[in-house]
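Mind the numbering: the sequence shown is residues 302 to 587 in full-length UniProt numbering, read in order. For every residue, glycine included, the Cβ atom is placed at its ideal position computed from N, Cα and C. Note that the structure is predicted; figures quoted are calculated from it, not measured.
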Amino acid sequence: VAKKAKSGNYAFYIPSMDGETQSRLKIIRNLQQDFKREKLQVWYQPQINLVTREIIGVEALLRWQDDKGAFISPEVFVPLAEYSGLIVDIGKWVLAESVRRLKMLCLLGYENFRMAVNVSVLQFRDSEFVDYVKYILDIHGVPPSLLELEITESVVMDEPEIVIQSLQSLKDFGVSIAIDDFGTGFSSLSYIQKMPLDRLKIDRSFVNDLDNGKNAFIAQAIVNLGLQLGLTTIAEGVEHEEQAEQMLALGTDEAQGYLFGKPMPYTELRKFVLAQNSDKVVQEDT
Ligand code: C2E
Ligand code: MG
Ligand code: MG
Ligand code: MG
Numbered sequence: 302v303a304k305k306a307k308s309g310n311y312a313f314y315i316p317s318m319d320g321e322t323q324s325r326l327k328i329i330r331n332l333q334q335d336f337k338r339e340k341l342q343v344w345y346q347p348q349i350n351l352v353t354r355e356i357i358g359v360e361a362l363l364r365w366q367d368d369k370g371a372f373i374s375p376e377v378f379v380p381l382a383e384y385s386g387l388i389v390d391i392g393k394w395v396l397a398e399s400v401r402r403l404k405m406l407c408l409l410g411y412e413n414f415r416m417a418v419n420v421s422v423l424q425f426r427d428s429e430f431v432d433y434v435k436y437i438l439d440i441h442g443v444p445p446s447l448l449e450l451e452i453t454e455s456v457v458m459d460e461p462e463i464v465i466q467s468l469q470s471l472k473d474f475g476v477s478i479a480i481d482d483f484g485t486g487f488s489s490l491s492y493i494q495k496m497p498l499d500r501l502k503i504d505r506s507f508v509n510d511l512d513n514g515k516n517a518f519i520a521q522a523i524v525n526l527g528l529q530l531g532l533t534t535i536a537e538g539v540e541h542e543e544q545a546e547q548m549l550a551l552g553t554d555e556a557q558g559y560l561f562g563k564p565m566p567y568t569e570l571r572k573f574v575l576a577q578n579s580d581k582v583v584q585e586d587t
């Protein structure tokens, strides 16, 4: 009887669901289907050394196209993948796919190339996550030092003890850790000295509005914090030469943004990387 009443309640709530809830559920269903049908992609965006302007690695970014070929923004579907729990399986796949590509780059002769992969809070709650990362690196025979995991401050604040343990275990294995969108989360700074971190990614909201003196001060403070704690910094969302120069002047080591390259499929990345290298050969020859 209780069950009947419950399902009765459930049925009662469906018509009252607002349009927004229904469209969210629809997106989740489609995402699940397209993931199963292997229709998701991983694209790669260059990360460069600000001094030499050479590509030193990439960030792996999920891409999802609807039936008409239009891209659905990860800003829309990643939160829904997290909400539904789908991100755990999708995230494992992104990791496997990215490390597979990293291996291909190693075989092309890029043995110091870095692959940065975004990891969500939910993946850290999966007790098998750390072993999975190690397993993927092992089966491809890729040096763990080439893999970087990007976490947000929300991961750090989630369950600090468990997260610190997982990060430490990954770090001991050789994987590096970056804090994504640094400066935008709601968290205390004290975690920075408790976590085994390698890099701070300076959020693009600071980088793309450096003419606002306050943003420039914040960017400078992040760079100084990094320098004093032995962490490297990378500027996100660099679109203009001026921003690249300003970030370099502030002491930032690396950058990522449309100025240097947009996210692209692996086949294009391969060309991108090879083209840079042929330039170098030409320069050295002449
Ligand atoms: P994020 O990790 O901070 O990734 C950087 C975002 O900035 C990407 O957006 C990238 O395309 C964009 N971007 C890079 N350079 C520029 C620039 O010069 N100008 C501007 N306007 N934007 C730039 P994207 O690909 O739409 O991804 C959005 C967010 O979705 C990511 O932010 C990340 O939080 C999440 N995401 C993407 N792929 C994954 C994934 O595989 N796993 C998880 N958990 N989250 C992901
Ligand atoms: Mg990221
Ligand atoms: Mg970011
Ligand atoms: Mg972001």
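Keeping to the same chain, check which residues put their C-beta closer than 6 angstroms to that of residue i; ignore five residues upstream and five downstream.
i, result
"residue 274", "For residue 274 there is no data in the structure shown, the boundaries of the chain being 302 and 587."
"residue 517", "511"
"residue 502", "479, 481, 483, 535, 537"
"residue 588", "Here the chain covers residues 302 to 587 and nothing more, so residue 588 does not appear."
"residue 313", "Low confidence applies here, because residue 313 scores a pLDDT of 48, under 50, leaving its location unreliable; read the following figure in that light. Once the five neighbours on either side are set aside, residue 313 has no close Cβ partner at all."
"residue 492", "457"
"residue 388", "382, 421, 423"
"residue 531", "none"
Skipping 5 residues on each side, what residues in its chain have a beta carbon closer than 7 angstroms to that of residue i?
i, result
"residue 472", "478, 497"
Any idea what DSSP makes of residue i, helix, strand or coil?
i, result
"residue 345", "strand"
"residue 404", "helix"
"residue 587", "Note that residue 587 has pLDDT 43, beneath the 50 cutoff, so the model's placement of it is unreliable and no number is given."
"residue 576", "helix"
"residue 515", "helix"
"residue 378", "helix"
"residue 418", "strand"
"residue 322", "helix"
DSSP beta-bridge partners for residue i?
i, result
"residue 496", "The partner list for residue 496 (beta bridge, DSSP) is empty, contrary to what the question assumes."
"residue 525", "Per DSSP, none; premise fails for residue 525."
"residue 365", "373"
"residue 557", "348"
"residue 483", "503"
"residue 423", "DSSP lists no partner for residue 423."
"residue 450", "418, 478"
"residue 568", "Answer by DSSP bridge pairing: none, since residue 568 is not bridged."
Give me, in chain order, the residues of the same chain whose beta-carbon lies closer than 8 angstroms to that of residue i; leave out the 5 immediate sequence neighbours on both sides.
i, result
"residue 449", "358, 415, 416, 417, 418, 476, 477, 478, 479, 499, 500"
Name all residues in chain order for which at least one heavy atom of ligand 3 lies closer than 6 angstroms to the residue's CB.
481, 482, 502, 537
Quick check: the region 537 to 553 against the region 327 to 341, are there 3 or more CB pairs under 8 angstroms?
no
Would the region 482 to 489 and the region 449 to 456 be scored as touching if the rule is three or more Cβ pairs under 8 angstroms?
yes
Are the region 337 to 356 and the region 552 to 567 touching, with three or more C-beta to C-beta distances below 8 angstroms?
yes
Inter-stretch contact at 8 angstroms, needing at least 3 Cβ pairs: the region 386 to 403 / the region 422 to 440
yes
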